[in-house]
Each structure stands twice: as structure tokens, then as C-alpha cells.
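Protein sequences, first through last, are from chains D and G. Residues in the first sequence are numbered from 751 upward in steps of one, following my numbering. Residues in the second sequence are numbered from 1498 upward in steps of one, following my numbering. Even for Gly, the Cβ is constructed at its ideal location relative to N, Cα and C. Please read these numbers as outputs of a predicted model, since none were measured by experiment.
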Amino acid sequence: MKNTGLNRSLLLLLLLFGLSSCGVSNVVIDGSFPTPNINKMPIAIAVYYDDALKDFAYLEYSETGQEEFNIESGKSHVQLFNVVLPAMFDRVVFVDSMEEVPTLGVDAVFAPAIEEFQLALPMKTKLDVFEVWIKYNMRLLTPTGDYIADWVLTSYGKTPTETFRSVEGAINDAAVVALRDLASSFALSFNQVPEVRDWLNNR
Amino acid sequence: MNLYSLSKTSAMRQLLLAALVLLVSCTSTTIDEFRQGETGISSTETVVILGRRQASDYETRAEFVSCVGERMGRGENALQIVPEQEFVDAMFPWFEPRTAPLRTRDLERLMAENVVAETMLDFGVRYIVWLDGFTERTDRSGSISCTIGPGGAGCFGFGSWEDDANFDARIWDIASMSSVGTISTDATGQSYLPALIIPIPLIARVEANACSRLADQLKNFVNGS
């Protein structure tokens, strides 16, 4: 009787384990980003996040073509820019649509976009690191919507494998490093983009 | 069971314990120090220990950096250590993997930024110690098989491996904007995993030994001894 009970418990445990390894794992990127320690530029900027950025999600497939990880990073991107941009510029106004901009009295509009997201997992690359690589299209527009500058920025983050950390946790950590890399790269290279530099000099 | 067999069992146990202790502590560590300038530190000055993370195929683990910092901050001639993450966050974005200074002349350029110089002053940093390295597992051998069934579970076999922890510490003096020395540590150790029903891990604490030896050497170096 006891043996039958034990066998049933073991079978149930095996069944639960099997079911838990099916289906896609959802990873919502979550991290904290420090305020950049930089001098502000005397510019007023409106910031527009389109839906593609706010709802950005990347789906990683396994080698057999099954959905493996769904990585949602839109919210963390918005959070990052909300911390970085007010530290870079004197005045920052966040808008929900481009129609709001002309009445705000700003110098320019910043509209970032994510072009590509790549994930490298140790089980596929045979390396001992989780890697995230993200490609952005940074756009600076006049208040009336004309282009001032349009440039590509890439960010990279990695984290080593650790014995007692979940794959989801490692992906999150690598993505947070990539986001910090974006913030540092963007904050320090903004006024070195040729079109931005020309625009700043001609204001 | 008579007295003779009891004492024999007790002696066997003690012998086994001694053998286990000997096996576990099988780690050898080598330290090399290269001094390029004079050092010394006052009670109001601090040291920040940072890990190098520029390489594509490895990065210096935050746990090792933290270990070295903790050890340098206690005991005789303890130093005031600024935690790595606190410093990097306060200095953001100047000490990220992409933007961190690689040479002392890069640090000079960085210190020309007033925000960086002010933050460095707020922390009272006198020395920056850059740790660079990793622990590698080599020479694996043996195998262990574990089974589980209605009658019970157990493991059988024997495994062993060697770990090699190789770290460099470069010390920068903020006052003179120069590199004042390099300390290298190389620790190797053999770990064993015999399994007779239950696996008995006998792990050589290679990285821990590297941390303690490196931290002690760094403490003496910074103090000028």
C-alpha cells in the first residue's frame, strides 16, 4: 500500500516536471538604472516613444523551431530613457503623440526605436556566457517633424553562467548590462554625432 | 564489540578525517608583485576595487571582486574600501565596460571632467585597483552515475577535476595619476567527488584561496609595506 502511494507520488512529480519544461518562458526585463553623472546640455527636448518600442518583445526559438523564451524589454527601455534623458538635457517633456509637440516650445524631438535584438545562450554557443545585443535607430527631429539626425547605436551585455541562477535570471542580467551599455554610449556620444554636432553649433 | 575494535574504528575514522582534510586543502597559490612606485594611505583615503569586463570571452566575477574588498577591509591595517557597484553607479556612465579607462592616461582625461573629479573627491579615492582574471576548470576525469527508483536512490562513481584561478591586480594612484604596481596570483587545486550511495564532495577552494592571498598582498602593498 505504502509502495503504491510512493509510486503515485513519484509519477505525479515526473509528470509535473515534464509539463513545466513545455511551453515558452516569459522574461520581463527588470533592472534599476543609475542617473548619469554628466553635465546637462542647455536644450529642451520632447520625447516620443512609439508603440513598437513600448511593447517590444523578442521571441527566441530553440534549435527545433519551438518557441523558447519571450523577452519583453519595452518597459525597461522606457524606464532607462526616463532616467537618462532628464540627466542629459535641461528640459525634457514626454509626449504621447507627435501632434502635442508644436505647442511645447521645445528645441527638438527625440524618438528612439529598436531595430534588432539578439540573444546568445550558452547551450547553443557552447560558451560560458549569456549575451544580449541590441541595435537601435536614434532619431532627432525638429518640433515640426523634419529630420535633424538619424543614427544607429548598438549595445551589448553579457553575464557569465552561474550554478544556481535560472536561465531567465541570466537573460535578465545580460539585458540589463546591455541597457546600461546603451545609456553610457548614448549619453557620452550624443553630441559627437556629426548631424547633432552641426545642429548644436548652429542653434 | 570490544574495546579494541572500538578504538580501532575510532582511529580509522580519525585517519579518514585527516585524509579528507588533506585532500580538501590541496591548493597551491603563487603570488608575484611588481612595484613601480611608492605607496601609502591615510585614514581618510579610500581604495576602490573594480573588475575588468572588457574581454569578450570572460569577465572578472563580481563575487571575487567583493571577496577581495571584504578581506582588505578587515583585520590588521584594514583599509577603507568603496564597494564596486556603489562606485560604478555613482560614476555612471564613466566606468562601464565600454567606457572605463584602460590606461592611466585615459584616467587623466577622465579626471578632466568636473563631475568625475568631484565624485572621486567625495569618495576620497586614493587608489583604484583593477582586478582581471577568471577561474578555469581543467583536467576533468572520472564519472558518476545516479539512479532513482521505487526502492531508493543513490550515486556511484568517482570524479575529479582541477581548477586554476589566475588573477592580476593593477594598482593606480589617483594622486600621481600613475600605475604604482601589479600583483599577480595563480592558484590551482584538485577537487574530488567520490560517490558511494551519497556523493562526498571534497572541493578545493581555489578561488577563495586566490582571494585571500591576493587581498593580503594588496593590503600590504597599499599600506607601503
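In chain order, each alpha helix (DSSP H) run of at least 4 residues that lies wholly inside the stretch 847–882 of chain D:
Segments of the alpha helix (DSSP H) lying fully in the stretch 847–882 of chain D: 872–875.
* Residues near G:Ile1697 in its chain [Cβ-Cβ closer than 6 Å; skip 5 each side] -> Along the second sequence, one-based indexing puts residue 1697 of chain G at 200. Excluding sequence neighbours, G:Ile1697 sits near Pro1691.
G:Pro1594: first and last residue of the uninterrupted beta strand (DSSP E) it sits in: Position 97 of the second sequence, counted from the start, is the residue given in the question as residue 1594 of chain G. First-last for G:Pro1594: undefined, no H or E at that position.
(Q) Restricting to Cα atoms, I'd like to know which of D:Ala924, D:Phe783, D:Lys804, D:Trp901 is closest to D:Glu912. (A) Taking the first sequence and counting its residues from 1, one reaches residue 912 of chain D at position 162. Of the listed residues, the one whose Cα sits closest to D:Glu912 is D:Ala924.
Using 8 Å as the threshold, is the C-beta distance between G:Val1545 and G:Phe1584 below it? Looking up residue 1545 of chain G in the second sequence gives position 48. Looking up residue 1584 of chain G in the second sequence gives position 87. Taking 8 Å as the Cβ cut-off, G:Val1545 and G:Phe1584 qualify as a contacting pair.
Margin query: Which same chain residues end up closer than 6 Å to D:Arg889 when comparing Cβ atoms and leaving out the 5 residues on each side of it in sequence?
Written below: In the first sequence, residue 889 of chain D corresponds to position 139, counting from 1. Ala861, Asp900.
message: Nearest by alpha-carbon distance to G:Ser1563: which of G:Arg1602, G:Ser1525, G:Ile1578 is it?
response: Here the question's residue 1563 of chain G lines up with position 66 in the second sequence. Among G:Arg1602, G:Ser1525, G:Ile1578, the Cα nearest to that of G:Ser1563 belongs to G:Ile1578.
Please list the terminal residues of the continuous alpha helix (DSSP H) segment that includes D:Lys804. To locate residue 804 of chain D, count along the first sequence from 1; it is residue 54. Looking at the DSSP string, the run of the alpha helix (DSSP H) that includes D:Lys804 is 801–804.
- Alpha carbon of D:Val833 to alpha carbon of G:Glu1605, nearest angstrom: Position 83 of the first sequence, counted from the first residue, corresponds to residue 833 of chain D. Position 108 of the second sequence, counted from the first residue, corresponds to residue 1605 of chain G. Rounded to whole angstroms, D:Val833 to G:Glu1605 spans 28 Å at the Cα level.
Notebook entry, point to check: Would you report the Cα separation of D:Ser775 and G:Gly1646, rounded to the nearest angstrom?
Noted result: Reading the first sequence from its first residue, position 25 is the one you call residue 775 of chain D. Reading the second sequence from its first residue, position 149 is the one you call residue 1646 of chain G. Distance between the alpha carbons of D:Ser775 and G:Gly1646: 30 Å.
Give the interface partners of G:Thr1596 over in chain D, defined as CB-CB distance under 7 Å, in chain order.
What you label residue 1596 of chain G is simply residue 99 of the second sequence in a count that begins at 1. Near G:Thr1596 (Cβ distances below 7 Å), the residues of chain D are Ser934, Leu938.
Q) Can the beta-carbon of G:Ile1680 be found closer than 8 Å to that of G:Tyr1624? A) Translated into the one-based positions of the second sequence, residue 1680 of chain G becomes position 183. Translated into the one-based positions of the second sequence, residue 1624 of chain G becomes position 127. In this structure, G:Ile1680 lies away from G:Tyr1624, with their beta-carbon atoms at least 8 Å apart.
- Query: Would the stretch 837–849 of chain D and the stretch 787–806 of chain D be scored as touching if the rule is three or more Cβ pairs under 8 Å?
  - Reply: Yes: at least three Cβ pairs fall under 8 Å.
(message) Per the DSSP calculation, G:Phe1653 is bridged to which residue(s)?
(response) Mapped onto the second sequence, residue 1653 of chain G falls at position 156. G:Phe1653 pairs with G:Ser1642, G:Leu1693.
Would you mind reading off the limits of the alpha helix (DSSP H) that contains G:Ser1563?
The residue given as residue 1563 of chain G occupies position 66 in the second sequence. That run of the alpha helix (DSSP H) goes 1559–1569.
| request: Would you mind stating whether D:Asp805 and G:Glu1593 have Cβ atoms separated by less than 8 Å? | output: Residue numbering aside, residue 805 of chain D sits at position 55 when the first sequence is read from its first letter. Residue numbering aside, residue 1593 of chain G sits at position 96 when the second sequence is read from its first letter. Cβ atoms of D:Asp805 and G:Glu1593: not closer than 8 Å.
Look at D:Glu822 and D:Ala807 and say whether their C-beta atoms are less than 8 Å apart.
Counting from one through the first sequence, the residue named residue 822 of chain D turns up at place 72. Counting from one through the first sequence, the residue named residue 807 of chain D turns up at place 57. Taking 8 Å as the Cβ cut-off, D:Glu822 and D:Ala807 qualify as a contacting pair.
Simplified DSSP assignment, three categories, for G:Phe1531: For this step, residue 1531 of chain G is matched to residue 34 along the second sequence. Note: G:Phe1531 maps to strand in three-state DSSP.
query = Bridge partners of G:Asp1636, per DSSP?
reply = Residue numbering aside, residue 1636 of chain G sits at position 139 when the second sequence is read from its first letter. Answer is none; G:Asp1636 lacks a bridge partner.
Q | G:Arg1606, enclosing alpha helix (DSSP H) - first and last residue | A | As a working note, residue 1606 of chain G is residue 109 in the second sequence. Looking at the DSSP string, the run of the alpha helix (DSSP H) that includes G:Arg1606 is 1601–1608.
* Between the beta-carbon of G:Gly1678 and the beta-carbon of G:Glu1573, is there less than 8 Å? -> Walking along the second sequence from the start, residue 1678 of chain G turns up at place 181. Walking along the second sequence from the start, residue 1573 of chain G turns up at place 76. Result no, Cβ atoms of G:Gly1678 and G:Glu1573 do not sit closer than 8 Å.
Query raised in the report: Is G:Gln1551 helix, strand or coil by DSSP?
Result: As a first step, residue 1551 of chain G must be located in the second sequence, where it is residue number 54. Residue state, collapsed to three classes: coil.
Counting only C-beta atoms, is D:Lys876 closer than 8 Å to chain G at any point?
Position 126 of the first sequence holds residue 876 of chain D. With a threshold of 8 Å between beta carbons, D:Lys876 makes no contact with chain G.
Is the Cβ of G:Pro1580 closer than 8 Å to any Cβ of chain D? Reading the second sequence from its first residue, position 83 is the one you call residue 1580 of chain G. So no, G:Pro1580 is outside the interface.
- Is DSSP giving G:Phe1589 helix, strand or coil here? Indexing the second sequence from 1 puts residue 1589 of chain G at position 92. In this structure, G:Phe1589 counts as coil in the three-state DSSP scheme.
*asked:* Here's the rule I'm using: 16 or more other beta-carbon atoms within 10 Å means buried, otherwise exposed. How should G:Ala1575 be labelled?
replied: In the second sequence, counting from the first residue as 1, residue 1575 of chain G sits at position 78. Counting Cβ neighbours within 10 Å, G:Ala1575 comes out exposed, since fewer than 16 surround it.
Would a check of beta-carbon distances place D:Asn789 closer than 8 Å to chain G?
Your numbering for residue 789 of chain D matches position 39 in the first sequence. Yes - at least one Cβ of chain G is within 8 Å of the one on D:Asn789.
Local conformation of D:Lys825 per DSSP, three classes:
On the first sequence, position 75 is the one that residue 825 of chain D refers to. Looking at D:Lys825 - three-state DSSP - the assignment turns out to be helix.
| message | When you compare the CB positions of D:Leu803 and D:Ala863, do they come within less than 8 Å of one another, or not? | response | Walking along the first sequence from the start, residue 803 of chain D turns up at place 53. Walking along the first sequence from the start, residue 863 of chain D turns up at place 113. Result yes, Cβ atoms of D:Leu803 and D:Ala863 sit closer than 8 Å.
Write down every uninterrupted run of the beta strand (DSSP E) in the stretch 880–950 of chain D whose length is 3 residues or greater and which is fully enclosed by it, in chain order.
-> The qualifying runs are 897–910.
Rounded distance between the beta-carbons of G:Ala1701 and G:Thr1524, thought under 8 Å: Against the second sequence, residue 1524 of chain G aligns to sequence position 27. Against the second sequence, residue 1701 of chain G aligns to sequence position 204. That pair is a contact at about 5 Å.
Query raised in the report: Alpha carbon to alpha carbon, what distance is there between G:Ser1657 and D:Ser916?
Result: The residue given as residue 916 of chain D occupies position 166 in the first sequence. The residue given as residue 1657 of chain G occupies position 160 in the second sequence. Each residue's Cα considered, the two are about 26 Å apart.
Cβ of G:Pro1590 within 8 Å of any chain D Cβ | What you label residue 1590 of chain G is simply residue 93 of the second sequence in a count that begins at 1. Taking Cβ atoms only, chain D reaches closer than 8 Å to G:Pro1590, which makes this a yes.
| query | Can you tell which of D:Met848, D:Val778, D:Leu809 has its C-alpha closest to the C-alpha of D:Pro893? | reply | By 1-based counting over the first sequence, the position of residue 893 of chain D is 143. It is D:Met848.
Check: Is the Cβ of G:Ser1647 closer than 8 Å to any Cβ of chain D?
Finding: Here residue 1647 of chain G refers to the residue found at position 150 of the second sequence. Per the sequence presented here, residue 1647 of chain G reads as Pro, with Ser not at that position. G:Pro1647 counts as touching chain D.
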